[in-house]
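Residues 1 to 378 in UniProt numbering are what the sequence shown lists, from first letter to last.
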Amino acid sequence: MLGLRRGLCAALPRRLHRAYSSVPAVNAVDYGHAGFLATSSARAQHMVPGAGENTTSMNLYQAVNDALRTALETDEQMVLFGEDVAFGGVFRCTMGLQEQFGASRVFNTPLSEQGLVGFGVGYAAMGQTAVAEVQFADYVFPAFDQLVNEAAKYRYRSTTFNCGGLTVRMPCGTVGHGALYHSQSPEAFFAHCPGLKVVVPRSPLQAKGLLLAAIRDPNPVLFMEPKCLYRASVEHVPLADYQLPLSSAEILQPGGDVTLVAYGALLYTAEKAAAMAKKDLGVEVEIIDLRTVAPWDRETVFKSVNKTGRCIVAHEAPQTNGVSADVAAEVQKNCFLRLEAPVERIAGVDTPVSLAFENFQIPNVTRIYDAIKRIINY
Numbered sequence: 001m002l003g004l005r006r007g008l009c010a011a012l013p014r015r016l017h018r019a020y021s022s023v024p025a026v027n028a029v030d031y032g033h034a035g036f037l038a039t040s041s042a043r044a045q046h047m048v049p050g051a052g053e054n055t056t057s058m059n060l061y062q063a064v065n066d067a068l069r070t071a072l073e074t075d076e077q078m079v080l081f082g083e084d085v086a087f088g089g090v091f092r093c094t095m096g097l098q099e100q101f102g103a104s105r106v107f108n109t110p111l112s113e114q115g116l117v118g119f120g121v122g123y124a125a126m127g128q129t130a131v132a133e134v135q136f137a138d139y140v141f142p143a144f145d146q147l148v149n150e151a152a153k154y155r156y157r158s159t160t161f162n163c164g165g166l167t168v169r170m171p172c173g174t175v176g177h178g179a180l181y182h183s184q185s186p187e188a189f190f191a192h193c194p195g196l197k198v199v200v201p202r203s204p205l206q207a208k209g210l211l212l213a214a215i216r217d218p219n220p221v222l223f224m225e226p227k228c229l230y231r232a233s234v235e236h237v238p239l240a241d242y243q244l245p246l247s248s249a250e251i252l253q254p255g256g257d258v259t260l261v262a263y264g265a266l267l268y269t270a271e272k273a274a275a276m277a278k279k280d281l282g283v284e285v286e287i288i289d290l291r292t293v294a295p296w297d298r299e300t301v302f303k304s305v306n307k308t309g310r311c312i313v314a315h316e317a318p319q320t321n322g323v324s325a326d327v328a329a330e331v332q333k334n335c336f337l338r339l340e341a342p343v344e345r346i347a348g349v350d351t352p353v354s355l356a357f358e359n360f361q362i363p364n365v366t367r368i369y370d371a372i373k374r375i376i377n378y
């Protein structure tokens, strides 16, 4: 009883402050009205031949659910498992799947990331399809050995076995009140490892197509879902079974002055900063969504930078040794003679995410806008 009282005393002031504070959020981004969402129907018809009018409005968690249902329907050997997966998961991504496909194909696991990912490695190594869910990306680290030393290396040590049928899903990124253990973006830890693919979708349309491609890819894939987008981002998603190419970036907005490379939820922040730059400075920013951060699409990025002569790379994860470090180094090396300014990196602060200062630790519109001004005025 004393512990409950202390917990309430600590939590209520924070909840009341968030509910009634007149101070605007630092990242005042509307995830439901981005420009690239407004053109989703046209994108769907372009990317999914024959989709036509067969689309429906979905948010991101519904698109993930639809992708998992499609994969289970088309692959009788696929199993879906993880912590609380049977009743729908914390974010409802697996809702209704056990009822439809049975407890032998959709089931809960003990609270052991090492164990559930290890099971997935073994199941996939026998030629089957395993989709594991880690409840939060912050808790994937007990399974680090299974992913880096087992899943990633299987195809290099055996001519018989390969665990390419393994996909590990996990919610990632900040959501405004996640604090130390529910806010991390650990993609760089795994992007460094040969043998693994790392994918981060930006929207429902992308999530369904990329997740189906990840499940069917002959390599183990980590599929990181920005949890702040689960209910906020809505698109018209094709009902058809479709896949989007892994390792292929997409140009969301053409421009001739600056190349802005990002992925996941930060693309919404990038788009708003780019709109401000166009209005205030007359600067045309080309926005590129990496989609797959390992391996990332060098050709698309280099072609854009050679055109614009300027490059900014942004992500939520801490800056030191982040994905932006590799992108910046490769751009500097391969586009050196065309660069008009040094490559800019906008990333999270190199410190664990705190509850009180979360919105100040991740990139916001102002930081990206200032980077655009700096790189133009260099």
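All C-beta atoms, glycine included, are put in the ideal place defined by N, C-alpha and C.
Checklist line | According to DSSP, residues forming a beta bridge with V131 | finding: L80 and T167
Next item on the list: Give the single residue among K307, I362 and Q206 whose Cα lies nearest to the Cα of V234.
Entry: Q206
Notebook entry, point to check: By a C-beta neighbour count over all protein chains shown, 10 Å radius and 16 as the cutoff for buried, is Y61 buried or exposed?
Noted result: buried
Check: Alpha carbon to alpha carbon, what distance is there between N162 and K153?
Finding: 9 angstroms
Checklist line | Residue range of the beta strand (DSSP E) that includes L266 | finding: Premise fails: L266 lies in the alpha helix (DSSP H), L266 to L281, not in any beta strand (DSSP E).
Item checked: Three-state class that DSSP yields for E284 in the structure shown -> coil
Next item on the list: Go through its chain and collect everything with a Cβ distance to A341's Cβ below 6 angstroms, but skip five positions before and after it.
Entry: R310, I375 and Y378
Notebook entry, point to check: What do you get for residue 386, buried or exposed, if any count of 16 or more other CB atoms within 10 angstroms of its CB means buried?
Noted result: The structure shown does not extend to residue 386, since the chain is modelled only from 1 to 378, so the question has no answer here.
Checklist line | Same chain, Cβ closer than 7 angstroms to S21, neighbours up to 5 away in sequence not counted | finding: Summary for S21: the model assigns pLDDT 40, below 50, so the residue's position carries little reliability; its value from the coordinates is reported in the next sentence. Around S21: no qualifying Cβ.
Next item on the list: Please name the residue in L260, D145 and L147 whose C-alpha comes closest to that of R367.
Entry: L260
Next item on the list: Evaluate the contact criterion for the stretch 64-81 versus the stretch 201-218: three or more CB pairs, one atom per stretch, below 8 angstroms.
Entry: yes
Check: Would you report the Cα separation of F360 and V131, rounded to the nearest angstrom?
Finding: 35 angstroms
Next item on the list: Give the range of the beta strand (DSSP E) segment to which I362 is assigned.
Entry: Taken as a continuous stretch (DSSP letters only), I362 belongs to no beta strand (DSSP E), as it is neither H nor E.
Notebook entry, point to check: By the 10 Å Cβ neighbour count, where 16 or more other Cβ atoms means buried, how is E76 classified, buried or exposed?
Noted result: exposed
Next item on the list: Mind checking which residues open and close the beta strand (DSSP E) that includes K197?
Entry: K197 to V199
Next item on the list: State the start and end residues of the unbroken alpha helix (DSSP H) segment that holds T300.
Entry: R298 to T308
Margin query: Less than 8 angstroms between C-beta atoms, sequence neighbours within five positions excluded: which residues of the same chain meet that for S248?
Written below: R291, T292, D297 and T300
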